[in-house]
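**Student:**
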Amino acid sequence: MKKRDVIVIGAGAAGLFCAAEAGKRGRSVEVLEHAKKVGRKILMSGGGRCNFTNMYASPENFLSDNPHFCKSALSRYTQWDFIALVAEYGIAYHEKTLGQLFCDDSAKQIVSMLFGECDKANARITTQCDILGIDKTPQGYLLETSLGQYQCESLVIATGGLSMPKLGASPFGYKIAEQFGLKVKPTRAGLVPFTLHDQDKSVFADLSGISIDARADFDNTSFNENILFTHRGLSGPAVLQISSFWQPGHAVGFDLFPNGDLHKELSQAQSASPDVQLGTALAKFYSKRFVQAALPYFELPNKPLKQYQGKQLEQVADAFHQWQIKPNGTEGYRTAEVTLGGVDTDQLSSKTMMAKDVEGLYFIGEVVDVTGWLGGYNFQWAWSSAWVAGQYV
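Numbered per numbering that gives the first Met the number 0, the sequence shown spans residues 0 to 392.
1. DSSP three-state call for serine 286: helix, strand or coil?
2. Span of the beta strand (DSSP E) holding serine 221?
3. Give the range of the beta strand (DSSP E) segment to which tryptophan 372 is assigned.
4. Roughly how many angstroms lie between the CA atoms of alanine 316 and aspartate 199, to the nearest whole one?
5. Does the stretch 343-350 come close enough to the stretch 307-326 to have 3 or more Cβ pairs within less than 8 Å?
6. Which residues mark the beginning and the end of the beta strand (DSSP E) in which phenylalanine 407 is found?
7. Closer than 6 Å by C-beta to asparagine 53: which residues in its own chain qualify, once you throw out the five before and the five after it? Chain order, please.
8. Using only the alpha-carbon positions, how far apart do valine 155 and glycine 259 sit?
9. Just list the beta strand (DSSP E) runs in the stretch 111-145, keeping only unbroken ones of 3 residues or longer that don't cross its boundaries, in chain order.
10. In the structure shown, what three-state DSSP assignment does tryptophan 322 receive?
11. For aspartate 134, collect the residues of the same chain with a Cβ closer than 6 Å to its Cβ; drop the 5 residues on either side in sequence, then sort them by chain order.
12. Beta-carbon separation of alanine 10 and valine 30 under 9 Å?
13. Report yes or no: do three or more beta-carbon pairs, one from the stretch 186-198 and one from the stretch 325-341, lie closer than 8 Å?
14. To the nearest angstrom, how far is the alpha carbon of leucine 206 from that of arginine 231?
15. Within the chosen definition, does the stretch 272-288 reach the stretch 296-307 through at least 3 CB pairs nearer than 8 Å?
16. By how many angstroms is the C-alpha of glycine 364 removed from the C-alpha of alanine 381?
17. Can you grab the Cα-Cα spacing for the pair glycine 328 / glycine 208, in whole Å?
18. So the candidates are Tyr76, Arg75, Ile109, Leu73; which of them puts its Cα closest to the Cα of tyrosine 88?
19. Buried or exposed, going by whether 16 or more other CB atoms sit within 10 Å of the CB of arginine 75?
20. Per DSSP, phenylalanine 244 forms a beta bridge with which residues?
21. Can you tell me the Cβ-Cβ gap for valine 251 and proline 326, rounded? I've got them flagged as a contact below 8 Å.
22. Rounded to the nearest angstrom, how far is the Cβ of lysine 184 from that of aspartate 368, given a contact under 8 Å?
23. From the DSSP output, read off the bridge partner residues of arginine 214.
24. Return the residue from the list Gly248, Trp245, Ile241, Asn225 that minimises the CA-CA distance to proline 257.
25. Ignoring anything shorter than 4 residues, give me the alpha helix (DSSP H) runs that lie fully in the stretch 58-107, in order along the chain.
26. Whose C-alpha, out of Pro295, Ile130, Lys355, Asn121, is nearest the C-alpha of tyrosine 149?
27. For tryptophan 245, is the classification buried or exposed, using 16 other Cβ atoms within 10 angstroms of its Cβ as the cut-off for buried?
28. On the CB-based measure, 16 or more other CB atoms within 10 Å of its CB, does lysine 40 come out buried or exposed?
29. Lysine 35 and glutamine 178: beta carbons closer than 9 Å?
30. Could you tell me which of Gln379, Asp254, Asn50 sits nearest to threonine 96, measuring between CA atoms?
31. Using CA atoms only, rank isn't needed, just tell me which of Val7, Phe253, Pro192 is closest to alanine 215.
32. What do you get for tryptophan 79, buried or exposed, if any count of 16 or more other CB atoms within 10 angstroms of its CB means buried?
33. What three-state label does DSSP hand phenylalanine 179 in the structure shown?
34. Rounded to the nearest angstrom, what separates alanine 72 and leucine 255 at their Cα positions?
35. Keeping to the same chain, check which residues put their C-beta closer than 6 Å to that of asparagine 121; ignore five residues upstream and five downstream.
36. Using a 10 Å radius around the Cβ and a threshold of 16 neighbouring Cβ atoms, would you call proline 66 buried or exposed?
Below, the structure written as structure tokens:
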């Protein structure tokens, strides 16, 4: 039997960072990972460059049934703390947009940095280790694994959510929570593309690859970025962001001219070039392919601008400013970047991430009911929650 002070299950962002922090305190730590390779989600994030945090990260950028829970961790280990660590390792980075920070070179640098931190702290990492059973003992926890028995005082669950099962995602963490009597909030895919109903898909599937600046709105929440038409539906940052707030069966609003007044633009075009057709005027702002699909979809005749009288041009503009579309659903966990829901935060200490009623059992990262916006926020939650637990395990 192998005895450790701390066992961390899951060698992702949160698990590795927590192991390093615990090891710095002189705790004997081992990370157990069922996969062959560690940090796979880190390696593929940000197109292989890892959007490792966001300069504007704050509690307002997170969804949870208890929006106050994340405040403690985020204030005690901030984005600036992690940026300083990245700089310490000489990793060059840049801001892409809206405070999103990416490695100049490769996400491998972040994984190497986490390995470096674990090495310095003498935290061991063991891969291809399946957890077969966990029992509470007077000494802490007894783990039955495919590599034998482990005993530890503190057990950290850093197994992530259900998103991207091809990377090994599973409900393991939720099952452990339930085994020890903790409530788990219902889960669903977040930061995920929408699929469309057949009648809408038949119109827009041919536009696959076209991107448009747009503001997505749902239930008093809006994101002004862009949308991307795909073979199956809608993607792009604005869609991924609003998907975390969307409720099935409801329509999402899109302003397809979010940074201006389309009615004003069309009125000016009408005055300057009355013989120009509506489609030609709109092609100044959108791709020709999109205009060709949008006009019949919005039931707008492609006639010379001078033939639009009274409020007709206003109605044309409204069609683009106030597009309402009801998604068929989402692409689900297969392509979702995160999992909404998870271990109920009311069951955890926001100071330590330990289960209030189960001594020595900790939950960190995505397995917890705290989900960030798109743009590095979920990595920041991983670092902050892991750092906090690392000070107490």
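Note that beta-carbon positions come from the ideal geometry of N, C-alpha and C, so glycine has one too.
**Tutor:** Checking against the coordinates, here is how it stands:
1. In the sequence shown, residue 286 corresponds to position 287, counting from 1. It is coil, neither helix nor strand.
2. Along the sequence shown, one-based indexing puts residue 221 at 222. Membership of serine 221 in the beta strand (DSSP E) is indicated by the continuous run 220-228.
3. Position 373 of the sequence shown holds residue 372. Here tryptophan 372 belongs to no beta strand (DSSP E), and DSSP marks it neither H nor E.
4. The residue you call residue 316 lines up with position 317 of the sequence shown. The residue you call residue 199 lines up with position 200 of the sequence shown. Looking at the backbone, the Cα of alanine 316 and that of aspartate 199 are separated by about 20 Å.
5. The stretch 343-350 vs the stretch 307-326: no contact.
6. Given a span of 0 to 392 for the chain in the structure shown, any question on residue 407 remains unanswerable.
7. Here residue 53 is taken as the residue at index 54 of the sequence shown, counted from 1. Excluding sequence neighbours, asparagine 53 sits near Gly98, Gln99, Gly374, Gly375, Tyr376.
8. Here residue 155 refers to the residue found at position 156 when the sequence shown is read from its first residue. Here residue 259 refers to the residue found at position 260 when the sequence shown is read from its first residue. Computed Cα separation, rounded: 50 Å.
9. Taken in chain order, the complete beta strand (DSSP E) segments of 3 or more residues contained in the stretch 111-145 are 123-125, 130-136, 139-144.
10. Here residue 322 refers to the residue found at position 323 when the sequence shown is read from its first residue. Three-state result, tryptophan 322: strand.
11. As a position in the sequence shown, residue 134 is number 135, starting the count at 1. For aspartate 134, where only same-chain residues beyond five positions count, the Cβ hits under 6 Å are Leu141.
12. One-based indexing of the sequence shown puts residue 10 at position 11. One-based indexing of the sequence shown puts residue 30 at position 31. Yes, these two residues count as a Cβ contact at 9 Å.
13. Result yes; three or more Cβ-Cβ pairs closer than 8 Å.
14. Sequence index remark: in the sequence shown, residue 206 carries index 207 (1-based). Sequence index remark: in the sequence shown, residue 231 carries index 232 (1-based). About 11 Å.
15. Touching, yes, given that three or more Cβ pairs across the two stretches are closer than 8 Å.
16. As a first step, residue 381 is located in the sequence shown; it is residue number 382 there, counting from the start. As a first step, residue 364 is located in the sequence shown; it is residue number 365 there, counting from the start. Distance between the alpha carbons of alanine 381 and glycine 364: 4 Å.
17. On the sequence shown, position 329 is the one that residue 328 refers to. On the sequence shown, position 209 is the one that residue 208 refers to. Rounded to whole angstroms, glycine 328 to glycine 208 spans 20 Å at the Cα level.
18. Walking along the sequence shown from the start, residue 88 turns up at place 89. Nearest option by C-alpha distance: Ile109.
19. To locate residue 75, count along the sequence shown from 1; it is residue 76. Arginine 75 counts as exposed, since fewer than 16 other C-beta atoms from the protein chains shown sit within 10 angstroms of its C-beta.
20. For this step, residue 244 is matched to residue 245 along the sequence shown. Answer is none; phenylalanine 244 lacks a bridge partner.
21. Walking along the sequence shown from the start, residue 251 turns up at place 252. Walking along the sequence shown from the start, residue 326 turns up at place 327. Indeed, because the Cβ distance is near 6 Å, the residues count as touching under 8 Å.
22. One-based indexing of the sequence shown puts residue 184 at position 185. One-based indexing of the sequence shown puts residue 368 at position 369. Contact between lysine 184 and aspartate 368 holds, since their C-beta atoms are separated by about 5 Å, short of 8 Å.
23. If you number the sequence shown from 1, residue 214 lands on position 215. Arginine 214 is bridged to Asn223, Asp254.
24. Taking the sequence shown and counting its residues from 1, the one referred to as residue 257 is at position 258. Closest in alpha carbon position to proline 257, among Gly248, Trp245, Ile241, Asn225, is Asn225.
25. Correct list: 69-75, 78-87.
26. Reading the sequence shown from its first residue, position 150 is the one you call residue 149. Ile130 is the residue among Pro295, Ile130, Lys355, Asn121 whose C-alpha sits nearest the C-alpha of tyrosine 149.
27. Taking the first residue of the sequence shown as position 1, residue 245 is located at position 246. Classification of tryptophan 245: buried, given that the 10 Å Cβ count is 16 or more.
28. Sequence index remark: in the sequence shown, residue 40 carries index 41 (1-based). That one is buried.
29. Taking the first residue of the sequence shown as 1, we reach residue 35 at position 36. Taking the first residue of the sequence shown as 1, we reach residue 178 at position 179. No, the Cβ-Cβ distance between lysine 35 and glutamine 178 is not below 9 Å.
30. Here residue 96 refers to the residue found at position 97 when the sequence shown is read from its first residue. Comparing Cα positions, the closest option is Asn50.
31. Counting from 1 along the sequence shown, the entry for residue 215 is found at position 216. Looking only at Val7, Phe253, Pro192, the smallest Cα-Cα distance to alanine 215 is reached by Phe253.
32. Locating residue 79 in the sequence shown gives position 80, where the first residue counts as 1. Tryptophan 79 is classed as exposed because its beta carbon has fewer than 16 other beta carbons within 10 Å across all chains shown.
33. Within the sequence shown, numbered from 1, the residue matching residue 179 stands at position 180. Three-state DSSP puts phenylalanine 179 in coil, outside helix and strand.
34. Taking the first residue of the sequence shown as 1, we reach residue 72 at position 73. Taking the first residue of the sequence shown as 1, we reach residue 255 at position 256. For alanine 72 and leucine 255, the distance between alpha carbons rounds to 37 Å.
35. As a position in the sequence shown, residue 121 is number 122, starting the count at 1. Closer than 6 Å at the Cβ level, and outside the excluded window around asparagine 121, lie Gly22.
36. By 1-based counting over the sequence shown, the position of residue 66 is 67. By the neighbour-count criterion, in which a residue is buried when 16 or more other Cβ atoms sit within 10 angstroms of its Cβ, proline 66 is exposed.
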